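Taking it in order: structure first as structure tokens, then the write-up.
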Amino acid sequence: MKLKKIIPLCIMLLVLILILNPDTLYISGISYDQAKILLRSEDIKDALKDKNIDDEIKNQLKSVPEIMAFGDGAGFPMTKAYSRYSHLDREVLYYSLSGSRKDSFEEYLYTWPLIGSIPYKGFIQIEETKKEETALKKIGYDTLIGKSITMSTLGILPDPIITPMIDKNDPTELVYVIFHERTHQLFFKKNDVTFNENAAVLLGALTSLEFFKRKFGHQSAEYRAQMEKLDEIIIFSNYIDNFYNELKVLYSKNISGQEKLKDREDLFQKHIDFFKASIKPELKMLFKDFDRQEINNAYILPYYRYYGKVHIYIQVLEKLGGDQNKTLAFFKDAASSKENPDNLVDNILKHE
């Protein structure tokens with residue numbers, strides 16, 4: 027998409043969002059930032075000739091057209107996304123703030139036009155994030171500030187590759203991030219972030235694995251690294267699912283909030299001890315620092331939101347005979363169905 031077409035599209039989208047949401051100052055700031063990222067982007071072919079761009083970044087950008095073509099063939103929708111590169115002078119795209127009640131998994135929800143309610147809010151400046159975090163803490167919420175390296179506009183705008191998406195020490199990461207985000211372009215079930223993200227983690231990892239197998243072979247370092255990551259995701263998924271569900275049982279009990287807070291500390295310690303003794307030794311690439319931050323509901327929820335169901339969802343692939351195209355189609359259909367997608371997953375796994 028040419029830049030002269032992007033400008034009016036950005037303006038139209040911004041006007042629509044401002045009309046539909048009262049938090050106009052915040053939204054206008056984020057929209058302005060997104061517009062700047064788009065408008066200063068350049069075609070990847072031009073970026074490869076740009077002397078101001080780091081050589082390692084160029085090396086990874088070279089593979090993007092091939093990655094995108096593979097995704098087209100794998101069943102993702104055709105898109106103009108990731109045909110351009112935009113340099114960012116910051117390590118993260120946005121800081122994300124999320125909050126949860128201390129005695130339940132009731133999340134603080136932010137409601138936006140087009141995408142519905144989501145349990146996090148992005149900020150450009152860390153100071154703004156901490157200011158709103160303080161406000162959440164004052165009304166009794168556990169909080170977490172995370173970091174986002176990319177954000178999908180779900181195909182509405184031609185998202186570029188941005189600097190935070192590129193890990194100079196791990197070129198396999200960009201491949202995964204692209205396929206993860208293209209899953210969101212394929213489907214996005216409104217008001218069901220946990221389904222969307224767990225499905226995107228799985229399908230992004232599986233498509234990356236197939237890409238490396240086709241390009242480098244199953245004995246290659248790239249394929250083996252991605253396979254190891256997927257194995258670790260499954261291990262951690264099962265762990266965080268159990269952790270989350272034990273807490274969920276506690277929070278559903280007919281006892282006082284103070285009793286729940288006391289008992290949750292015991293569960294926190296139990297699961298962290300188990301992580302250190304049994305899970306961490308199995309991890310070489312991912313999740314190794316899980317036990318190094320303060321454990322609270324807001325910390326657990328994003329891990330569950332992204333990984334808690336992957337160990338279940340991957341069984342759909344096995345049920346469909348290892349056919350990734352059928353697996354992709356299944357989750358796309360599940361997202362568009364009026365039925366709860368997890369019920370559809372249960373049904374196919376129970377079917378003989």
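Quick note on my numbering: the sequence shown kicks off at 27 and runs consecutively.
C-beta atoms are modelled at their ideal positions from N, C-alpha and C, and glycine is treated no differently.
Just so you know, these numbers come straight off a predicted model, no measurement behind them.
If contact is defined by three or more beta carbon pairs under 8 Å, each pair taking one atom from either stretch, is the region 332–343 in contact with the region 360–376? Three or more pairs of CB atoms, one per stretch, sit closer than 8 Å, so the region 360–376 contacts the region 332–343.
S122 and S174 - do their beta-carbons sit closer together than 8 Å? Going by C-beta atoms, S174 is nearer than 8 Å to S122.
Please name the residue or residues paired with I171 in a DSSP beta bridge. Bridge partners of I171: L123.
Run through DSSP, which three-state label would F238 get? DSSP places F238 within a helical segment (H, G or I) once states are collapsed to three.
How is the alpha helix (DSSP H) around G99 delimited, first residue to last? Taken as a continuous stretch (DSSP letters only), the alpha helix (DSSP H) holding G99 covers V90 to A100.
Compare the Cα-Cα distances from L65 to each of I79, R110 and S89 and report the closest residue. The option with the nearest alpha carbon to L65 is R110.
Tell me the rounded alpha-carbon separation between I380 and A226. In the structure as shown, the chain begins at 27 and stops at 378. Residue 380 is therefore absent and cannot be evaluated.
For F205, which option in K194, L183, F238 and T189 has the closest C-alpha, if you only look at C-alpha atoms? F205 has its Cα closest to that of F238, out of K194, L183, F238 and T189.
Alpha carbon to alpha carbon, how far is D368 from E153? Give it in angstroms, no decimals. Distance between the alpha carbons of E153 and D368: 38 Å.
Please classify K364 as buried or exposed, where buried requires at least 16 neighbouring CB atoms within 10 angstroms. Exposed: under 16 other Cβ atoms inside 10 Å.
Is it the case that the Cβ atoms of L119 and P190 are separated by a distance below 8 Å? Cβ distance < 8 Å, so L119 and P190 count as in contact.
Which same chain residues, not among the five before or five after A251, have their C-beta less than 7 Å away from its C-beta? Result list for A251: T198, in chain order.
What distance in whole Å lies between the Cβ atoms of P328 and G172, which are believed to be in contact at a cut-off of 8 Å? About 6 Å; that satisfies the 8 Å criterion.
Along the beta strand (DSSP E) that carries F269, what are the first and last residues, could you check? F269 -> not in any beta strand (DSSP E); alpha helix (DSSP H) instead, spanning A247 to Y277.
Using CA atoms only, rank isn't needed, just tell me which of E285, D289, T209 and E258 is closest to S380. A query on residue 380 cannot be resolved here, the shown segment of the chain reaching from 27 to 378 and no further.
Using the C-alpha atoms, what's the distance from A324 back to S126? Approximately 5 Å between the Cα atoms of the pair.
Helix or strand or just coil, what does DSSP make of G283? Residue state, collapsed to three classes: helix.
Own chain partners of K358 with C-beta closer than 7 Å, once the 5 adjacent residues on each side are dropped: Here the set comprises L212 and F213.
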